[in-house]
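See below for the structure under consideration.
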Amino acid sequence: MSKLVPLPSPGMVPERDVDKTPVLETRRLGITFGGLKAVEDFNLTIGRTEIAGLIGPNGAGKTTVFNLLTKVYQPTHGTILLDGRDTAGMNTVQVNKAGIARTFQNIRLFSALSVEDNVKIGLHNEIKCSMWEDIFRLPRHWKSEKVAHERALELLSIFHMEDMAAAQAGSLPYGAQRRLEIVRALATNPSILLLDEPAAGMNPSETAELMENIRKIRDTFQIAILLIEHDMNLVMGICEGICVLNYGRVIAKGEPEQIKNDPTVIEAYLGKRGAK
Numbered sequence: 345m346s347k348l349v350p351l352p353s354p355g356m357v358p359e360r361d362v363d364k365t366p367v368l369e370t371r372r373l374g375i376t377f378g379g380l381k382a383v384e385d386f387n388l389t390i391g392r393t394e395i396a397g398l399i400g401p402n403g404a405g406k407t408t409v410f411n412l413l414t415k416v417y418q419p420t421h422g423t424i425l426l427d428g429r430d431t432a433g434m435n436t437v438q439v440n441k442a443g444i445a446r447t448f449q450n451i452r453l454f455s456a457l458s459v460e461d462n463v464k465i466g467l468h469n470e471i472k473c474s475m476w477e478d479i480f481r482l483p484r485h486w487k488s489e490k491v492a493h494e495r496a497l498e499l500l501s502i503f504h505m506e507d508m509a510a511a512q513a514g515s516l517p518y519g520a521q522r523r524l525e526i527v528r529a530l531a532t533n534p535s536i537l538l539l540d541e542p543a544a545g546m547n548p549s550e551t552a553e554l555m556e557n558i559r560k561i562r563d564t565f566q567i568a569i570l571l572i573e574h575d576m577n578l579v580m581g582i583c584e585g586i587c588v589l590n591y592g593r594v595i596a597k598g599e600p601e602q603i604k605n606d607p608t609v610i611e612a613y614l615g616k617r618g619a620k
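Just so we're on the same page, the working numbering is the position in the sequence shown counted from 1, plus 344.
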């Protein structure tokens, strides 16, 4: 795990990423719903190969931040830079093509389709074939199908799921569905992967395996990973930088040991000592 070091601009990244443009930067990012500031002045910098955590009590605004980054919501104010490029005006499809992929709190697979077909859907950024080539089954269609099949199996092998390729996605056990959703997100060839509570519903052994797989994904694809998670053992064990939200505002940022011992963070999670 790499030590965080400061950049010339506000923000810190792992030491190994200090000479590279941060994969993601947000500056004073925020959104207001009917006068309610759901997220306000959210500033975050993530290094190109960093595993980072976004934590906070329920209702703190964590998933709202993910929705802002992926343009499910358009920010009321602030800036999102992806690979140094301003994403203002982009929609969800455009920001995915630009390099942000995500999973969801509630699994969103195409349950009636096969495991392989779910991954192939994620390959739309990589596999290029026109509608007419598909309709008339022209040579490029068959070549694209072969490439997509091989790539889908390769991605499934990350989680040792290639033998499940023909199975119906909705028939998989819960943990396998979680893993499939991550594989489908990886299929879009992201530069940063957003994982929304990836360990939710997993038992301790599945969570330990997930930690190893997250590291494997970072190392294999050389991408950044930002995760929302309530399992503090996972967060503290895998994240290099952690950002803590409370009531839509950042209350702490730093390395796991700093966050673990920060009195503001402890109070946000447990309440004031001595409070009835």
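From the three backbone atoms N, C-alpha and C, an ideal C-beta is built for every residue, glycine too.
Since glutamine 512 contacts isoleucine 451 with CB under 8 Å, what's their CB separation in whole angstroms? Isoleucine 451 and glutamine 512 do not touch by the CB rule: their CB atoms are close to 14 Å apart, not below 8 Å.
Glutamine 294 and threonine 393 closer than 8 Å at C-beta: Residue coverage of the chain in this structure runs from 345 to 620, which leaves residue 294 outside it and unanswerable.
I'd like to confirm the pairing. Which residues does DSSP put opposite glutamine 512 in its beta bridges? The secondary-structure analysis by DSSP pairs glutamine 512 across a beta bridge with Ser458.
Tell me the start and end of each unbroken alpha helix (DSSP H) in the region 511–545 that is at least 4 residues and wholly inside, in chain order. Counting only runs of 4 or more, we get 518–530.
Tell me the rounded alpha-carbon separation between arginine 593 and leucine 500. Inter-residue distance for arginine 593 and leucine 500 is about 37 Å (C-alpha atoms, whole angstroms).
Span separating the alpha-carbon of leucine 623 from that of threonine 370: The structure shown does not extend to residue 623, since the chain spans only 345 to 620, so no value can be given for it.
Do alanine 612 and aspartate 575 count as a contact pair if the criterion is CB distance below 8 Å? No. Outside cutoff.
Around the Cβ of glycine 378, are there at least 16 other Cβ atoms within 10 angstroms (buried) or fewer (exposed)? So glycine 378 ends up on the exposed side.
Distance check for glycine 519 and serine 549, CA to CA, integer angstroms please. Here the C-alpha atom of serine 549 lies approximately 11 Å from the C-alpha atom of glycine 519.
Just to confirm before moving on: does the CB-CB distance between valine 459 and leucine 554 stay below 8 Å? No; because the gap between Cβ atoms is not below 8 Å, this pair is not in contact.
Would leucine 368 pass as a contact of isoleucine 536 if the rule is Cβ separation under 8 Å? Yes; because the gap between Cβ atoms is below 8 Å, this pair is in contact.
Could you check the C-alpha separation between phenylalanine 448 and leucine 530 for me, to the nearest Å? Those two C-alpha atoms are separated by around 14 Å.
Straight-line Cα distance separating serine 515 from glutamate 359: The alpha-carbon separation between glutamate 359 and serine 515 amounts to approximately 43 Å.
Run the CB neighbour count on isoleucine 380, radius 10 Å, all protein chains shown included, and call it buried at 16 or more, exposed below. The sequence shown places leucine at residue 380, not isoleucine. Here leucine 380 is exposed, its C-beta having fewer than 16 other C-beta atoms within 10 Å.
Among Val357, Ile395, Phe386, nearest to cysteine 583 - alpha-carbon criterion: Ranking Val357, Ile395, Phe386 by Cα distance to cysteine 583 puts Ile395 first.
Confirm, please, whether the CB-CB distance from alanine 492 to leucine 467 is below 8 Å. The answer is yes: Cβ separation under 8 Å.
Hey, how far is the Cα of asparagine 577 from the Cα of threonine 431? Distance between asparagine 577 and threonine 431, taken at the CA atoms: about 33 Å.
Check whether the Cβ atoms of alanine 436 and glycine 374 sit closer than 8 Å, and answer yes or no. Looking at the sequence provided, one finds threonine at residue 436 rather than alanine. Contact flag unset, no.
Go ahead and pull the three-state DSSP assignment for asparagine 605. Reduced to three states, the DSSP call for asparagine 605 is coil.
DSSP has leucine 373 in a bridge; who is on the other side? As a beta-bridge residue in DSSP terms, leucine 373 pairs with Phe386.
Using a Cβ-Cβ cutoff of less than 6 Å, which residues in the same chain neighbour phenylalanine 508 once the five nearest sequence positions on both sides are dropped? With the sequence shown as reference, residue 508 is identified as methionine, and phenylalanine is not the correct amino acid for it. Here methionine 508 has Val459 as same chain residues with Cβ atoms under 6 Å from its own Cβ, once five neighbours each way along the sequence are excluded.
So, at 7 Å on beta carbons, what are the nonlocal neighbours of proline 534 in its own chain, with the 5 sequence-adjacent residues on each side left out? The residues are Gly443, Ile444, Ala445, Ile567.
Where the alpha helix (DSSP H) through valine 579 begins and ends: First-last of the alpha helix (DSSP H) with valine 579: 576–582.
Alpha helix (DSSP H) segment containing proline 548, residue limits: Its alpha helix (DSSP H) spans residues 548–565.
Throw me the rounded Cβ distance for the leucine 412 and glutamate 599 pair, which I believe falls under 8 Å. Their Cβ separation, rounded to whole angstroms, is 25 Å, which puts leucine 412 and glutamate 599 out of contact at 8 Å.
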